[in-house]
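Residue numbers (the working numbering): 59 to 295.
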């Protein structure tokens, strides 16, 4: 269902933007109550260059919109607190987070919990504190919210608790299965538990967790690679 008219103000973030005609912007916005949807900011590039500068990723906004069709018209916008300052690797990771949301979240599918998760993730990236753990938490909770939650604390076959010292093969859409020998596609039990419990990851656990989550996300993203990974490589998780 298309987002109905909402004069606002409603908290929002811009996930993506591009020029539209000579004077406007086409935005993909994320809101708590209405999910992700496209909005045209008509004439904003000519009428309000400073305002156009606010309509970009990582700036918390209050917006209003109108229109009957799929693409809405922005009727009001203002900043909603300080912009979230992402630099260097954190900025690359922010673009990665935005792209994953654009690819996995259906338009007009509201997830209030995801809006809060997104805001928390950006704040964590800005603090530059354990970026790998922050990204893995975002990926795991996003999948859970969308109905693709991961089994991380029990053996998918026997139901036994995960042994931190054993190695497991993670079978997509099923869960971890114990194996006898380590290989490139196996993960240690301690890594699975660290992911499940949002604990700090050590060096080897970081590599295993990143590899596992890439494989899981690829299953749901399909064959088209993420542009953020192509541009920024391993810097963005």
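C-beta: ideal position from N, C-alpha, C; glycine also. Everything numeric in this text was worked out from a predicted model, so none of it was measured.
In the structure shown, the three-state DSSP call for residue 103 is helix. Nearest in C-alpha terms to residue 170, of all of 228, 81 and 68, is 68. Boundaries of the alpha helix (DSSP H) around residue 277: 261 to 279.
A distance below 6 Å between beta-carbons, with the five flanking residues on each side excluded, links residue 157 to the following residues of its chain, in chain order: 284 and 286. Only residues of its own chain outside the window of five on either side were considered, and among them 73, 74, 86 and 94 have a CB closer than 8 Å to the CB of residue 160, listed in chain order.
Residue nearest to residue 245 within the set 225, 273 and 144 is 225 (criterion: CA-CA distance). The alpha-carbon separation between residue 270 and residue 228 amounts to approximately 8 Å. Residue burial is scored here from C-beta neighbours: residue 164 has fewer than 16 other C-beta atoms within 10 angstroms and is therefore classed as exposed. For residue 257, the three-state secondary structure derived from DSSP is coil. Given a length threshold of 3 residues, each whole run of the beta strand (DSSP E) inside the region 98 to 185 is given here in chain order: 119 to 124 and 130 to 137.
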